[in-house]
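If you count by mature numbering (1 follows the signal peptide of the UniProt record, and there is no 0), then the sequence shown holds residues -21 to -1, 1 to 332, one letter each, in order.
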Amino acid sequence: MKKFLNTVLGLSVVLSLAACGSEEDSTDEASAASEDSDDPINLVWYPNESGNELADARDEIGAIIEEATGREVEHELTTDYAIAIESIVNDNADLAFTGAEGYIQAKERNDNIVPVVVPSGPSGTEEDALYYSWFATKVENMEQYETGDGEYSIDEFPGKNFSFVSTSSTSGFRVPTSTIVNHFSEQEEYADLTAEDLAESGKFFEQVSFGNTHQGSAVNLLNDTADIAAFCDTCVENYVELAEGEENTPGAIYEVSEGAADPFANLAGEQFGIISATPVLNAPFIANESTLGEDTVKELQDLFSSDGVANNEKIFVPEDAEEGGLFEKTADERFVVVEDEWFNPIRELSQGN
């Protein structure tokens, strides 16, 4: 786990100057896409961002794309990560907002999938473009994982009921499984532990469930389907508020807000605590170059990374705004262009497990 943290937080990418024939072939194929197409641009969203409460944010993203390209944007809302990934891999979608793991899975199956931008951190750069993967439990169970002096451990995880998000989720599966495998594989009993073992009931965990969204995984925890759940901070921030402690810190307590939208509508006041919080690379917008063409992808990169979009309060919602959105503006947040190599720390997690 320490190795992963150091890799993410101290990320320094060395770009190769070599070009291979296969890359040239895929570039030629992408260039064949019509740059003058009037066809609608299909933008597919993960389940986490498909809720009604984010409709205005999605519409604003669509509106700026329409204005820049002159093409209508059609939003494809999904109920499963796999549906979103299949859409862009199979040329049925032009753009998608995914996690790093989803991008990597799509890229492995279709080399024409490329990153467009990621939301930056408060610095306005990719250096702190991070969010957090949580292990959470209900407040009354926090003491089971406390080791003293405000410290928490995952030592008591074996035999518990656990909720993941989806096997295509970065912070809801790839990072938590890597954390667990790295921690327990040092013990002889779990020397051969794999991520696949963690996804099956009766192996490491007593029962394993999948929420299909980060919100769904959190609800699995709050309704006692799971003793522990993995989900991320940004996907539930529109539904919960900090009740005690410091954000994204073990021991912090969060509470479901009054008036929270579904699936938290009947859970106001319910609390959960953070056992661990691991930084994760921010989620990218990704594009299918074979359907959009290189020039359109570059046009979208210029659009998203512009000052105009950075200052658009419907996209980067002010920190003190009453209404939530997809992205929060606390300092100099904006979209930044990144290359494929930026996602290598997440690739290394899957290779290690």
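We put the beta carbon where it would ideally sit given N, CA and C, even for glycine.
Quick check: the Cα distance between residue i and residue j, rounded to an integer number of angstroms?
| i | j | result |
| --- | --- | --- |
| H193 | V68 | 23 Å |
| E273 | D17 | 16 Å |
| D128 | I253 | 15 Å |
| S10 | A75 | Summary for S10: the model assigns pLDDT 48, below 50, so the residue's position carries little reliability; its value from the coordinates is reported in the next sentence. Each residue's Cα considered, the two are about 20 Å apart. |
| E301 | P324 | 35 Å |
| E225 | Y233 | 10 Å |
| V52 | A205 | 39 Å |
| L279 | Y131 | 43 Å |
| G287 | S269 | 28 Å |
| S145 | Y60 | 7 Å |
| A36 | D241 | 17 Å |
| E223 | T104 | 30 Å |
| L221 | T228 | 11 Å |
| N291 | R50 | 20 Å |
| E45 | E55 | 15 Å |
| F184 | D311 | 42 Å |
| V23 | T158 | 29 Å |
| K182 | T116 | 20 Å |
| D281 | G41 | 15 Å |
| P297 | R313 | 12 Å |
| E318 | E122 | 43 Å |
| D299 | D134 | 38 Å |
| K139 | E125 | 16 Å |
| F136 | E175 | 16 Å |
| A289 | N71 | 29 Å |
| V235 | E39 | 27 Å |
| E168 | T156 | 17 Å |
| E320 | K86 | 12 Å |
| F243 | V316 | 34 Å |
| K293 | E307 | 10 Å |
| V219 | E28 | 16 Å |
| C214 | L172 | 29 Å |
| N31 | N21 | 18 Å |
| K277 | S255 | 38 Å |
| E237 | S66 | 36 Å |
Where does residue i sit, in a helix, a strand or coil, going by DSSP?
| i | result |
| --- | --- |
| Y218 | coil |
| E3 | Only weak support is given to the placement of E3: the predicted model assigns it a pLDDT of 47, under 50, and the value that follows is read from those uncertain coordinates. Helix at E3. |
| E292 | coil |
| E307 | strand |
| L56 | strand |
| F322 | helix |
| A178 | coil |
| V315 | strand |
| A197 | helix |
| S(-6) | Note that S(-6) scores 35 on pLDDT, short of 50, meaning its location in the model is unreliable and no value can be drawn from it. |
| E327 | helix |
| L(-11) | Note that L(-11) scores a pLDDT of 40, beneath 50, so its modelled location is shaky and nothing firm can be said. |
Determine, using beta carbons only, whether residue i and residue j come nearer to each other than 8 Å.
| i | j | result |
| --- | --- | --- |
| A239 | A247 | yes |
| V160 | S112 | no |
| L33 | L305 | yes |
| N199 | G190 | yes |
| S180 | V187 | yes |
| N245 | G303 | no |
| F264 | F283 | yes |
| V118 | A266 | no |
| T77 | T275 | no |
| T57 | P19 | no |
| A170 | F143 | no |
| D73 | L271 | yes |
| I83 | R326 | yes |
| T309 | P101 | yes |
| A79 | F251 | no |
| G81 | I64 | yes |
For residue i, decide whether its Cβ has a neighbour in chain B, counting only Cβ atoms nearer than 8 Å.
| i | result |
| --- | --- |
| E185 | This model lacks chain B altogether; it includes just one protein chain. |
Length at least 4, wholly inside the stretch 9 to 49: the alpha helix (DSSP H) runs in chain order: 34 to 48
Take every Cβ of the stretch 243 to 263, pair it with every Cβ of the stretch 147 to 166, and state whether three or more of those distances are shorter than 8 Å. yes
Which complete beta strand (DSSP E) runs does the stretch 62 to 132 hold, if anything under 3 residues is left out? 74 to 76, 92 to 98, 109 to 117 and 125 to 127
Quick one: complete beta strand (DSSP E) runs, 3+ long, within the stretch 138 to 164? 140 to 143
Any chance you could list the beta strand (DSSP E) runs of at least 3 consecutive residues sitting entirely within the stretch 224 to 289, in chain order? 232 to 235, 250 to 260 and 264 to 267
Contact between the stretch 99 to 115 and the stretch 205 to 222: three or more CB pairs below 8 Å? yes
Inter-stretch contact (C-beta, 8 Å, three-pair minimum) for the stretch 158 to 178 and the stretch 81 to 92: no
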